[in-house]
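In this note's numbering, the protein residues as written are 25 to 244.
All C-beta atoms, glycine included, are put in the ideal place defined by N, C-alpha and C.
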Amino acid sequence: MKWLDLLLLKLLSLSWRSAIWLVNGFFLAMTVIVAQLPDSGSSSRHGLVQYLGQFTLAEERNLATCWEGWCLLLVAVLAFERFLQARRTEAYTNQSWLGLSMLAAGLSLDELGSIHEQAPVLFAQWGFSGGIKSMLPLAMPGLLLLMVTLRRMWTFPNRRSFWLSLSAFVLFGSVALQEHLEHTVAWPWWAEGIRVSIEEGTELVGMFLLLLVVVSPVDH
25 MKWLDLLLLK LLSLSWRSAI WLVNGFFLAM TVIVAQLPDS GSSSRHGLVQ YLGQFTLAEE
85 RNLATCWEGW CLLLVAVLAF ERFLQARRTE AYTNQSWLGL SMLAAGLSLD ELGSIHEQAP
145 VLFAQWGFSG GIKSMLPLAM PGLLLLMVTL RRMWTFPNRR SFWLSLSAFV LFGSVALQEH
205 LEHTVAWPWW AEGIRVSIEE GTELVGMFLL LLVVVSPVDH
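Next comes the structure, spelled out in structure tokens:
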């Protein structure tokens, strides 16, 4: 079992960035595999396909999406810690960290609770039903909060946090377009796994960029 000891030592020596992408890579690979399996989209699936479905990012409320949701929650917690520190030192910058914390918490809640998928039902009684219109009650407050957050980050002497955060939310926004294409384009069977992995990989890159923001040294 010497090889196992060496493997464990290798894993323990990984940086947190490598560890994050080791897990991300596993879930992305499983996402591609499950998407290409027969009957993967069937509600009555069973056996191996049902078991592997716990590890695909393309579905809701399974191990894979919990991983992404908890990573976003970690971003929210670390950003809130920055907010508490900024309150004692630089009052102006605390708004940016509080805003980022709230945005990450909202994304985490959406990932863990599938909020935006239920938007047509949740907001139907207020006239927001169907397609993009149902997303407005969620998207508009989030967009306003994002604008305020980025505006405050722009004032940092080092704008690394601004560019990383902006890039992350541009990636998150592009997922909405990818989801639209998912339902409007007739994808060949061989491209389904690639399409899904690109969509879910986009979210993972965005999440990773936000992690880089909140673990970076204080530069303002």
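Out of the options, which one is the CA nearest neighbour of residue i?
| i | options | result |
| --- | --- | --- |
| glutamate 105 | Trp91, Leu124 and Leu87 | Leu124 |
| leucine 136 | Leu96, Glu203, Ser185 and Leu201 | Leu96 |
| methionine 177 | Glu216, His204 and Ala110 | Ala110 |
| isoleucine 222 | Met54, Asp134 and Met164 | Met54 |
| threonine 117 | Phe186, Trp213, Thr80 and Leu228 | Phe186 |
| glutamine 202 | Ser191, Ser189 and Glu216 | Glu216 |
| serine 132 | Val47, Ala103, Val99 and Val194 | Val99 |
| valine 172 | Ser120, Thr89, Met231 and Pro241 | Ser120 |
| proline 212 | Gln60, Leu122 and Phe232 | Gln60 |
| leucine 233 | Leu72, His204, Pro62 and Phe196 | Phe196 |
| serine 91 | Pro241, Gly49, Val73 and Val56 | Note that residue 91 is tryptophan in the sequence shown, not serine. That would be Gly49, whose Cα lies nearest to the Cα of tryptophan 91. |
| proline 241 | Thr89, Pro181, Val56 and Gly93 | Pro181 |
| threonine 89 | Leu72, Pro62, Val47 and Val73 | Val47 |
| valine 220 | Ala210, Glu206 and Pro62 | Glu206 |
| valine 56 | Arg41, Val229 and Val73 | Val73 |
| tryptophan 214 | Ser42, Arg41 and Pro62 | Pro62 |
Under 6 Å: does the beta carbon of residue i sit that close to some heavy atom of the ligand NAD?
| i | result |
| --- | --- |
| phenylalanine 79 | The ligand content of the structure shown is nil, which means the ligand NAD is not present either. |
For the alpha helix (DSSP H) containing residue i, name the first residue and the last one.
| i | result |
| --- | --- |
| glycine 197 | 184 to 208 |
| glutamine 78 | Element bounds for glutamine 78: n/a, residue is neither H nor E. |
| alanine 59 | 40 to 60 |
| phenylalanine 232 | 216 to 239 |
| asparagine 118 | 118 to 137 |
Just to confirm my understanding: we take residue i, look at its own chain, exclude 5 residues before and 5 after, and list those with CB closer than 6 Å. What are they?
| i | result |
| --- | --- |
| glycine 225 | Leu52 |
| leucine 122 | Phe107 |
| isoleucine 44 | none |
| glycine 93 | Ser132, Glu135 and Leu136 |
| serine 39 | none |
| glycine 230 | Ala192, Leu195 and Phe196 |
Within a Cβ cutoff of 7 Å, which residues of the same chain sit near residue i, ignoring the five residues on either side of it in sequence?
| i | result |
| --- | --- |
| glycine 166 | Leu127 and Gly130 |
| valine 199 | Glu223, Thr226 and Glu227 |
| leucine 174 | Phe186, Ser189 and Leu190 |
| methionine 164 | none |
Do residue i and residue j have their C-beta atoms within less than 7 Å of each other?
| i | j | result |
| --- | --- | --- |
| leucine 102 | valine 238 | yes |
| leucine 188 | leucine 236 | yes |
| leucine 168 | phenylalanine 193 | no |
Give me, in chain order, the residues of the same chain whose beta-carbon lies closer than 8 Å to that of residue i; leave out the 5 immediate sequence neighbours on both sides.
| i | result |
| --- | --- |
| threonine 208 | none |
| isoleucine 218 | Val56 |
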